[in-house]
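The structure under discussion appears below in the form of structure tokens.
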């Protein structure tokens, strides 16, 4: 298979604090447009809202850094994007093809090589349904590679969220999330039997990826009152990437993320 870089254009960039994403494109491509803030429809409450519990000793959590790209994978080619991480973070990558191509995504870096095809196409916490990778990454430089499964040419949209807030067992962090931009946090498991609970004033869903077991958990309302709860059992001590977003992707809200 010959390798050709596809043209990659930065479409929108939010607050890039710990991650910088650089496109590696063909010479002579049109320069990227100026960065614009992410946009999304105005949140409209879709049902009864729950009051957010008292934040008590909850410490503030930070919003994720956001980068959005669009480009093209040429026939039998590979589009590559360089990702630089300055501190340990939970990183969630999502890619989709607006013209129906079957994308395959790979993340490569120092002691990291992860790939995903379409095992989680139902995940809808970004502006589109997507194929996703969500590892916990150490500082360093990584490469995101996108290919079309059958070798056809196709356009792509790539979204990268980077979260550095750490919520350890026994802690609670308070977050605000925007439409299409969920909470992204790093949870260091101590026993592997932790319970991860998100409490919000809107209906939310939660995902957690356990890399040691290659298992992705998701939950809607096991915590009661439309709140998600993921109860781990028998996992190894490791860092887990956790994502919390509104059940309806056009909603904004506040959330408490607790680990017990």
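Residue numbers (mature numbering (1 follows the signal peptide of the UniProt record, and there is no 0)): -27 to -1, 1 to 233.
Heads up, the beta-carbon is just placed ideally off N, CA and C, and yes, glycines get one too.
Please state if the CB of residue 152 and the CB of residue 222 are separated by a distance shorter than 8 Å. The answer is yes: Cβ separation under 8 Å.
Between which two residues does the beta strand (DSSP E) harbouring residue 211 extend? Premise fails: residue 211 is in no beta strand (DSSP E) and is neither H nor E.
In chain order, what are the residue ranges of uninterrupted beta strand (DSSP E) at least 3 long that sit wholly in the segment 36 to 63? 38 to 46, 52 to 58
Let me know if residue 209 comes out buried or exposed under the rule of 16 or more other beta-carbons within 10 Å of its beta-carbon. exposed
Is residue 230 closer than 8 Å to residue 171 when the C-beta atoms are compared? yes
Three-way DSSP call (helix, strand, coil) for residue 94 in this model: Low confidence applies to residue 94: its pLDDT is 47, below 50, so where it sits in the model is not reliable, and the reading given next is rough at best. Of the three classes helix, strand and coil, the one that applies to residue 94 here is coil, per DSSP.
Three CB pairs or more closer than 8 Å across the segment 65 to 72 and the segment 127 to 135: Touching, per the Cβ criterion.
For residue 196, which residues of its own chain have a beta-carbon under 6 Å away from its beta-carbon, when the five flanking residues on both sides are left out? 170, 202
Cβ of residue 72 within 8 Å of Cβ of residue 127? yes
Locate the beta strand (DSSP E) running through residue 173, then write down its first and last residues. 168 to 173
Leaving out five residues before and five after residue 31 in sequence, what residues of the same chain have Cβ atoms less than 7 Å from its Cβ? The residues are 145, 146, 147, 229.
From 224, 179, 233, 194, pick the residue whose C-alpha is nearest to that of residue 216; which is it? 179
Excluding the 5 residues preceding and the 5 following residue 163 in the sequence, name in chain order all residues of the same chain whose CB lies nearer than 8 Å to its CB. 141, 142, 210
Same chain, Cβ closer than 8 Å to residue 112, neighbours up to 5 away in sequence not counted: Closer than 8 Å at Cβ, skipping near neighbours: 58, 59, 60, 61.
By alpha-carbon positions, which one of 190, 78, 159, 185 ends up nearest to residue 35? 159
Residue nearest to residue 177 in terms of C-alpha spacing, selected from 224, 190, 167, 187: 224
When DSSP builds the beta bridges, which residues end up paired with residue 227? 149
Measuring alpha carbon to alpha carbon, tell me which of 51, 213, 232, 193 ends up nearest residue 220. 193
What's the gap between the Cα of residue 161 and the Cα of residue 43? Counting only the Cα atoms, residue 43 lies some 33 Å from residue 161.
Whole angstroms is fine: what's the gap from residue 118's alpha carbon to residue 37's? 22 Å
Checking contacts by CB at 8 Å: is residue 200 closer than that to chain B? Of the chains in the structure shown, none is chain B; there is only one protein chain.
How many Å lie between residue 83 and residue 214 at the Cα? Cα to Cα, the separation comes out at about 19 Å.
Name, in chain order, the residues that DSSP records as bridge partners for residue 241. Outside the shown range of the chain, which is -27 to 233, sits residue 241, and nothing can be said about it.
Rounding to the nearest angstrom, what Cα-Cα distance links residue 191 and residue 205 in this structure? 11 Å
Helix or strand or just coil, what does DSSP make of residue 161? strand
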